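S.K.: Protein chains in written order, with the numbering used here: chain A, 2 to 266; chain B, 4 to 416.
Backbone N, C-alpha and C fix where the C-beta goes; we use that ideal spot for every residue, glycine too.
All of these numbers come straight from a predicted model, not from anything done at the bench.
The following block contains the structure, expressed as structure tokens.
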Amino acid sequence: MSVREVFASAAAEHRSALIGYLPVGFPNVAESIAAMRTMVAAGADIVEVGVPYSDPVIDGPTIQSAVEIALRAGTRVRDVFAAVEAIAEAGATPMVMSYWNPIERYGVAEFARALSFSGGAGLITPDLLPEEATEWIAASDKYQLDRVFLVAPSSTQARLVSTAAACRGFVYAASVMGATGARDQLSNAAPALARRVRAVTDLPVGVGLGVSNGKQAAQVASYADGVIVGSALVSCLLDASDRDSGQQALHELVVDLAEGVRARP
Amino acid sequence: MSTETNTSTAPHSAGHFGRFGGRFVPEALVAALDELTAVYTEAMADVEFTDELSRLLMQYAGRPSLLYDARRLSVELGARVLLKREDLNHTGAHKINNVLGQALLTRRMGKRRIIAETGAGQHGVAAATAAALFDLECTVYMGELDTQRQALNVARMRLLGATVVPVTTGSRTLKDAMNEAFRDWVSTVEHTHYVIGSVGGPHPFPTMVRDFQRVIGAETRQQAQRLLGKLPDAVCACVGGGSNAIGIFYDFLSDTDVALYGFEAGGDGVNTRRHAAAITGGSSGVLHGARSFVLQDADGQTRESHSISAGLDYPGIGPEHAWLHETGRVRYEAVTDEQAMQALQLLCRTEGIIPAIESAHALAGVRSIAPELTLRLGRTPVVVVNLSGRGDKDMETAASWFNLVSESPADRP
Ligand SMILES: Cc1ncc(COP(=O)(O)O)c(C=O)c1O
Chain A
2 MSVREVFASA AAEHRSALIG YLPVGFPNVA ESIAAMRTMV AAGADIVEVG VPYSDPVIDG
62 PTIQSAVEIA LRAGTRVRDV FAAVEAIAEA GATPMVMSYW NPIERYGVAE FARALSFSGG
122 AGLITPDLLP EEATEWIAAS DKYQLDRVFL VAPSSTQARL VSTAAACRGF VYAASVMGAT
182 GARDQLSNAA PALARRVRAV TDLPVGVGLG VSNGKQAAQV ASYADGVIVG SALVSCLLDA
242 SDRDSGQQAL HELVVDLAEG VRARP
Chain B
4 MSTETNTSTA PHSAGHFGRF GGRFVPEALV AALDELTAVY TEAMADVEFT DELSRLLMQY
64 AGRPSLLYDA RRLSVELGAR VLLKREDLNH TGAHKINNVL GQALLTRRMG KRRIIAETGA
124 GQHGVAAATA AALFDLECTV YMGELDTQRQ ALNVARMRLL GATVVPVTTG SRTLKDAMNE
184 AFRDWVSTVE HTHYVIGSVG GPHPFPTMVR DFQRVIGAET RQQAQRLLGK LPDAVCACVG
244 GGSNAIGIFY DFLSDTDVAL YGFEAGGDGV NTRRHAAAIT GGSSGVLHGA RSFVLQDADG
304 QTRESHSISA GLDYPGIGPE HAWLHETGRV RYEAVTDEQA MQALQLLCRT EGIIPAIESA
364 HALAGVRSIA PELTLRLGRT PVVVVNLSGR GDKDMETAAS WFNLVSESPA DRP
């Protein structure tokens, strides 16, 4: 399913889409792919495959730790394509999330081509602004990939308009001003930001940063088309004493989240 | 000079220097960067602001700094060496020039807290100093390794009232301190200004920090005219992020008879993996908010840098330097730890001046360029060296390098 179809079918079911992030290669490539399959089986609609990067300045301690483990295990950028194929095969929609330098180093057009050939739907770029993205916009047009830029509570109206116009697939509303990480209290800036995005675009709005359970997912689902979860999923694997209990914790959390996005209050 | 050489100095649109520079940051920071750009632009056109900055630079920082004719050193290096004495500034390095400017901007923006990253600790000390002077809260991020090798500066910052946070991730040096400072800033941007200490980072930092450091070159140009009746043949500086270098180069960029040299930290040698020479040994990439030259592997992962000098131990370089390298206007070469430490000792022994290890890289560079300059000019060249900082902070490193502290068991405590 394309990203657009994912959101359309979720909307038809009167629910939000569930978007889950995990970095490829954590704790190694094979286990990370197994974990992504687990997420799909438990109800994730879209899986964001993270590209590990040495200097993840927008990530909090949880994702930093996972990514460091992935890099130490020798994970390469090209390993994302195997993960993307596996997710597509398991029946969910794969996207890639990456800091910009690994993509630029790989070659923007080459990356787009490989992503498209492996069945990837698009790319989420947390540190690339549309005004620096000329090459990526051309490549994503050529290979018909979705491109997702982020908006923030501090975005001006003019930037919301121009950023949303540059997006395809959905608009990513990073609702907390701060690094990634699960939070007890959800951002109260999120509903307002989602509303502001809706006012300027017909694209679906995904809201992320900080969601860690089904209850919070339900809350976010009341105003967002997609609920994005990252650190809480990574924690399942990071905190587990062994592989099986990690996979089980992950499965349980995704089931809970999937119920959450179906239980808009 | 090749026909491609472009000495035009204005950055291109939105903080680009050719294909370098720009902004590679999360959207959450864009509003703050836009605000900073606007406030900075408006302040630089406001006489009250520029007058206050000039007054602070004169009365507080001690400007203008001397241009000193180093006669005994000159004999040793085969060039007439003039030292631009930034080491005599208050707090002991050029870093104060930039920090005073940004502290004034912080006040103008109505923010009450500043954060900074630091390697050698000189920028951190300058930030802590300005925070005390302006009554701002101050947090300084410093790699754990650097807190050890520059312990004196950690004590200075704490004494001045700043919070110093040792960063334990990655290589535990400047790069990791900068990561942590960015993470802080994303969540505190509403009331916090990030005082970047060099000419790296997203627009407007490379341009703004350069403008605050331009005073070095502007003074040098006048002082050289007065002393020599003409401009020097060459200007040399060490390059970490590149702020002292661009500061002294900038007003000479259109004087094409003045050769400009940036000396990067060569560590154990650029042919080894242990160095910090982003231009000489790196490639084009994006790090910490801008496109420039970076030490990276085939996947774009940042490689760890190495230098005996904490202030140069950084895998990137400011984007304007990348551009000046590509245009050919400035030549960048690497100087090893060994060469720098020899030059440090030489300056101590010939002139009675103990430089920072960073600055010693620029001194060492003179030795390597003097012969070709002499050949080209047919006479002894006149070379200005930016002595960017003093060496007090480096005494422990120097003591162990030169074996200055007795090793005999009887002398141990
Ligand atoms: C004395 C001194 N010189 C040079 C540097 C390097 O910085 P830059 O290249 O920005 O001048 C530092 C940085 O800490 C320093 O303390």
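#1: Should A:Gly231 go down as buried or exposed, given a rule of 16 or more other Cβ atoms within 10 Å for buried?
#2: Considering only heavy atoms of ligand 1, does any lie closer than 7 Å to the CB of B:Gln299?
#3: Which residues share a DSSP beta bridge with B:Asn389?
#4: Got a sec? Which residues, its chain only, sit under 6 Å from B:Glu457 by beta carbon, not counting five neighbours each side?
#5: Could you tell me the distance, in whole angstroms, from the CA atom of B:Leu103 to the CA atom of B:Leu69?
#6: Between which two residues does the beta strand (DSSP E) carrying B:Ala268 extend?
#7: Look at B:Ala281 and B:Phe296 and say whether their C-beta atoms are less than 8 Å apart.
#8: Distance check for A:Ile47 and A:Ser10, CA to CA, integer angstroms please.
#9: Strictly by DSSP, which residues pair up with A:Arg148?
#10: If you measure beta-carbon to beta-carbon, which residues of the segment 125-138 of chain A are closer than 8 Å to chain B?
#11: Show which residues of chain A have a CB atom less than 7 Å away from the CB atom of B:Val189.
#12: Less than 8 Å separating the beta-carbons of B:Gln125 and B:Gly394?
#13: Anything in the segment 96-117 of chain A with a Cβ closer than 9 Å to a Cβ of chain B? List those residues in chain order, please.
#14: Please state whether DSSP places B:Arg415 in a helix, a strand or coil.
#15: Could you confirm whether any beta carbon from chain B is found closer than 8 Å to the beta carbon of A:Ala83?
#16: Helix, strand or coil: which one does DSSP assign to A:Ser141?
#17: Would you mind telling me which residues of chain A sit closer than 8 Å to B:Arg26, beta carbon to beta carbon, in chain order?
#18: A:Leu151 touches chain B at which residues, Cβ-Cβ below 9 Å?
#19: At a cut-off of 7 Å, would you count B:Cys239 as near ligand 1, judging by its Cβ distance to the nearest heavy atom?
#20: Using a Cβ-Cβ cut-off of 8 Å, state whether B:Thr172 counts as contacting chain A.
#21: Under 8 Å, with one C-beta from each stretch per pair, do the segment 137-149 of chain A and the segment 113-125 of chain A reach the 3-pair mark?
#22: Is it true that the CB of B:Val198 sits closer than 8 Å to the CB of B:Ala119?
#23: How about B:Met181 and B:His291: are their beta carbons less than 8 Å apart?
#24: Against chain A, with Cβ distances strictly below 8 Å, would B:Gly104 count as a contact?
#25: Which complete beta strand (DSSP E) runs does the segment 100-164 of chain B hold, if anything under 3 residues is left out?
#26: Rounded to whole angstroms, how far is the Cβ of A:Val109 from the Cβ of A:Ala140, which I believe are closer than 8 Å?
#27: Kindly say whether A:Ala166, judged by its beta-carbon, lies nearer than 8 Å to any beta-carbon of chain B.
#28: What residues in its chain sit with their C-beta under 8 Å from that of B:Ser11, if we drop five residues either side in the sequence?
#29: May I ask you to report which of helix, strand or coil DSSP gives A:Val256?
#30: Does DSSP put A:Gln217 in a helix, a strand or coil?
#31: Quick check: is the beta carbon of B:Ile178 nearer than 8 Å to any beta carbon in chain A?
#32: Secondary structure at B:Ser295, three-state DSSP: helix, strand or coil?
#33: Taking 8 Å as the cut-off, does the segment 191-208 of chain A touch the segment 216-236 of chain A (at least 3 CB pairs, one atom from each stretch)?
#34: Pairing CB atoms from the segment 56-65 of chain B with CB atoms from the segment 162-172 of chain A, are three or more of them under 8 Å?
#35: Between the alpha carbons of A:Leu157 and A:Val172, how many angstroms are there, rounded?
#36: Helix, strand or coil: how does DSSP classify A:Met2 here?
M.R.: The short version:
#1: buried
#2: no
#3: B:Lys87
#4: Summary: the structure shown does not reach residue 457 of chain B, with chain B confined to residues 4 through 416, and so no result is reported for it.
#5: 19 Å
#6: 262-270
#7: yes
#8: 13 Å
#9: A:Leu124, A:Arg169
#10: Pro127, Asp128, Leu129, Leu130, Glu132, Glu133
#11: Ile59, Met178, Gly179, Ala180
#12: no
#13: Tyr100, Trp101, Asn102, Pro103, Ile104, Glu105, Arg106, Tyr107
#14: Note on B:Arg415: pLDDT 44, under 50, position unreliable in the model; the coordinate value appears next. Coil.
#15: no
#16: helix
#17: Leu130, Glu132, Glu133
#18: Pro29, Glu30, Ala31
#19: no
#20: yes
#21: yes
#22: yes
#23: yes
#24: no
#25: 116-121, 140-146
#26: 5 Å
#27: no
#28: Bear in mind that a pLDDT of 43 at B:Ser11, under 50, signals an unreliable position, so the model cannot answer this.
#29: helix
#30: helix
#31: In the sequence on display, residue 178 of chain B carries Lys and not Ile. Yes, B:Lys178 counts as interfacial toward chain A.
#32: strand
#33: yes
#34: no
#35: Just to set this straight, residue 157 of chain A is Thr in the shown sequence, not Leu. Near 15 Å, if we compare the C-alpha coordinates of A:Val172 and A:Thr157.
#36: coil
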